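Below is one structure, written out as structure tokens, with a few remarks after it.
Residue numbers (our numbering): 4 to 620.
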């Protein structure tokens with residue numbers, strides 16, 4: 004019997020209670036979607052579900068559940084499983100990512116969010132057409148959709164791998180079941196189902212991590228003993244101010260690179276902006292960002308602390324060297340099963356938390372991608388006007404198609420190899436390039452559409468080259484991340500019933516001096532490279548081709564923090580962009596009305612939903 008088989012049968016097992024806890028999470032998810040999708044049909048006090056409710060929750064959600072939804076969708080199973088292993092293998096410098104998260108939240112709320120709120124966009128990419136042109140909007144939308152589609156299977160596969168590790172149930176079977184349930188409640192309930200399901204899923208996520216932390220801290224002899232073992236293992240490193248761009252983690256790479264990476268997604272990505280705009284007021288939107296920042300910072304902090312807990316347990320018996328696990332991100336499930344596996348229900352709660360994170364990420368991708376297709380392609384690019392029934396069918400059809408794609412790709416994801424490297428590169432391109440374009444538009448008033456197009460091309464080339472090149476040299480073992488030393492003593496073999504011939508050979512670190520410098524960059528610098536490329540090229544080309552006239556620039560398309568650059572004449576054009584985009588006019592009584600092509604006029608509320616009130620002549 005191999006060591007891995009022995010571990011699965013004798014240590015990694017789910018109790019009936021664990022299966023019950025995990026199944027309850029899936030059942031509650033399905034019931035949530037059923038409730039929000041069907042309540043209008045069977046509850047006389049509730050109106051039938053409209054397209055606006057399906058995609059935006061009628062802009063009537065509450066800050067706290069939206070903040071929980073933001074946490075749940077951003078913190079995927081990859082974060083929960085990957086962060087502790089990073090601390091275990093590379094030390095505590097990565098802990099500074101919490102600082103980057105807090106800085107990112109501040110910038111999102113003060114620099115980017117006010118622009119989206121002022122313009123009342125249907126999708127974040129609609130801003131790019133308002134500021135530049137339809138081509139720039141389409142480019143960013145295509146990058147977003149390709150990025151999300153490529154990573155749909157990853158979202159499911161990683162937690163399925165963890166579930167397989169503790170139950171030995173087929174990865175593809177459990178992944179398919181979970182994906183079907185996620186598509187079911189997203190298809191029926193829309194954004195409200197996504198938000199409320201995310202809310203209790205993130206609570207389960209928090210509880211699972213807290214329970215593991217508290218129990219193992221007590222078991223390990225308290226914080227002082229944990230700190231002592233971690234210090235002896237040279238894991239504590241908080242102030243590495245090395246200027247090298249090649250080191251995996253330094254203060255500069257974690258804070259600057261981490262800040263840029265987090266802001267890329269939190270500020271302009273449709274999966275996040277969609278929830279910001281689902282709240283009725285700007286104050287509540289900013290409150291949700293604040294709560295999200297505090298919550299996600301706290302969760303990531305706990306995941307980092309879990310990393311030193313894991314080191315304290317395995318400081319003298321490294322499971323990777325002993326061949327007890329095959330991948331870095333399997334160390335957290337191993338840790339959970341060996342520390343709290345004897346407590347009925349706790350392993351089930353942990354796996355439910357990991358899968359809850361995955362379900363949250365998947366559901367919001369399905370919902371927001373469907374909205375981007377409708378708003379940015381059908382309505383924006385193709386200029387098609389659909390009836391509400393046709394638009395609803397289209398949106399729900401896209402959710403189903405994406406669900407099928409996610410399940411189909413999951414069956415081949417473990418064999419994708421070079422495609423995975425391409426997918427990761429695409430994420431870097433989409434993140435850095437899109438964020439660079441938005442930043443160019445909101446912070447550089449002189450930027451024009453030609454500069455944005457040239458900048459986007461430059462950013463895509465640079466970030467794609469650095470990302471794909473880095474993955475290729477890593478796959479070829481020309482560049483190997485330098486891990487901190489681990490220990491395996493003689494008692495480990497007897498303790499875990501492993502023979503000496505199962506030990507994994509030590510990692511060989513090659514001479515990297517001949518590798519192209521850009522391919523050696525720490526992965527945290529990839530996004531900043533893309534953003535800086537967009538901004539530098541975009542600014543230069545804009546000035547060479549005739550900068551944007553600041554006197555006729557609508558202040559609404561520029562971030563409030565840069566309004567000091569605009570002349571007084573620009574105030575005359577305030578609101579002109581929104582009026583042009585929506586055919587809006589404001590009456591003498593400050594009532595917003597929409598003028599249709601047929602000459603009819605309808606009064607609109609703050610969310611632009613017609614009230615079906617025809618104004619008198």
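Note that the Cβ used here is the ideal one computed from N, Cα and C, for glycine as well.
Source: prediction; values computed, not measured.
With distances taken from CA atoms, which of 222, 23, 487, 126 is nearest residue 277? Stepping through the chain shown from its first residue, residue 277 is reached at position 274. Closest option to residue 277, Cα to Cα, is 126.
For residue 111, which three-state DSSP category applies? Residue mapping note: residue 111 aligns to position 108 of the chain shown, counting from 1. DSSP places residue 111 in helix when its eight states are reduced to three.
Residues sharing a beta bridge with residue 491, DSSP: Taking the chain shown and counting its residues from 1, one reaches residue 491 at position 488. Answer is 320.
Give the straight-line distance between the Cα atoms of residue 76 and residue 304, rounded to the nearest whole angstrom. Here residue 76 refers to the residue found at position 73 when the chain shown is read from its first residue. Here residue 304 refers to the residue found at position 301 when the chain shown is read from its first residue. Residue 76 and residue 304: Cα-Cα distance of roughly 17 Å.
Nearest-angstrom Cα separation, counted from residue 212 out to residue 612: Numbered from its first residue, the chain shown carries residue 612 at position 609. Numbered from its first residue, the chain shown carries residue 212 at position 209. Only weak support is given to the placement of residue 612: the predicted model assigns it a pLDDT of 42, under 50, and the value that follows is read from those uncertain coordinates. Using only the alpha carbons, I get a separation of about 42 Å.
I want to know whether the segment 157 to 170 touches the segment 80 to 94 - three or more CB-CB distances under 8 Å. yes
Rounded C-alpha distance that separates residue 299 from residue 497: As a working note, residue 299 is residue 296 in the chain shown. As a working note, residue 497 is residue 494 in the chain shown. Each residue's alpha carbon lies about 41 Å from the other.
Contact check, residue 434 vs residue 267 under 8 Å by CB: the rounded distance? Sequence index remark: in the chain shown, residue 434 carries index 431 (1-based). Sequence index remark: in the chain shown, residue 267 carries index 264 (1-based). Right, their Cβ atoms sit about 4 Å apart.
DSSP state of residue 385, grouped into three classes? Within the chain shown, numbered from 1, the residue matching residue 385 stands at position 382. Three-state result, residue 385: coil.
Reference residue 223, options 113, 547, 365, 338, closest by Cα: Taking the chain shown and counting its residues from 1, one reaches residue 223 at position 220. The candidate whose alpha carbon is nearest that of residue 223 is 338.
Measure the C-alpha to C-alpha separation of residue 483 and residue 311 and round it to an integer number of angstroms. Residue mapping note: residue 483 aligns to position 480 of the chain shown, counting from 1. Residue mapping note: residue 311 aligns to position 308 of the chain shown, counting from 1. Each residue's alpha carbon lies about 23 Å from the other.
Under a Cβ-count criterion, where at least 16 other Cβ atoms within 10 Å of its own Cβ denotes burial, should residue 412 be classed as buried or exposed? The sequence position of residue 412 within the chain shown is 409, counting from 1. By the 10 Å Cβ count, residue 412 comes out buried.
Backbone secondary structure at residue 345 - three-state DSSP: Translated into positions along the chain shown, residue 345 becomes position 342. Three-state DSSP puts residue 345 in coil, outside helix and strand.
6 Å Cβ shell around residue 20 - same chain, five flanking residues per side excluded: For the purposes of this step, residue 20 is taken as the residue at position 17 of the chain shown. The residues are 347, 348.
Does the segment 139 to 159 come close enough to the segment 311 to 322 to have 3 or more Cβ pairs within less than 8 Å? no
If you measure between the beta carbons of residue 54 and residue 295, is that distance less than 8 Å? As a first step, residue 54 is located in the chain shown; it is residue number 51 there, counting from the start. As a first step, residue 295 is located in the chain shown; it is residue number 292 there, counting from the start. Contact flag unset, no.
What residue from 246, 261, 558, 514 has the CA that sits closest to residue 3's CA? In this structure the chain extends from 4 to 620, so residue 3 is not present and cannot be described.
Under DSSP, the alpha helix (DSSP H) around residue 150 begins and ends at which residues? On the chain shown, position 147 is the one that residue 150 refers to. Residue 150 -> alpha helix (DSSP H) spans 137 to 170.
Near residue 564, what residues of its chain come up, given a Cβ to Cβ distance below 6 Å and the 5 sequence neighbours on each side ignored? As a first step, residue 564 must be located in the chain shown, where it is residue number 561. Closer than 6 Å at the Cβ level, and outside the excluded window around residue 564, lie 114.
Using 8 Å as the threshold, is the C-beta distance between residue 513 and residue 481 below it? As a first step, residue 513 is located in the chain shown; it is residue number 510 there, counting from the start. As a first step, residue 481 is located in the chain shown; it is residue number 478 there, counting from the start. Against a cut-off of 8 Å, the Cβ pair of residue 481 and residue 513 comes out as a contact.
Stretch-stretch touch, CB-based, cutoff 8 Å, three pairs: the segment 199 to 206 with the segment 376 to 386: no
Buried or exposed for residue 407, please, with buried defined as at least 16 other CB atoms from any protein chain shown within 10 angstroms of its CB. Within the chain shown, the letter at position 404 stands for residue 407. The residue in question, residue 407, is exposed, as its Cβ has fewer than 16 Cβ neighbours within 10 Å.
With 16 other CB atoms within 10 Å as the buried threshold, where does residue 1 fall? The question about residue 1 has no answer, for the chain in this structure spans 4 to 620.
What span of residues does the alpha helix (DSSP H) with residue 459 cover, start to end? Position 456 of the chain shown, counted from the first residue, corresponds to residue 459. 452 to 478 is the extent of the alpha helix (DSSP H) around residue 459.
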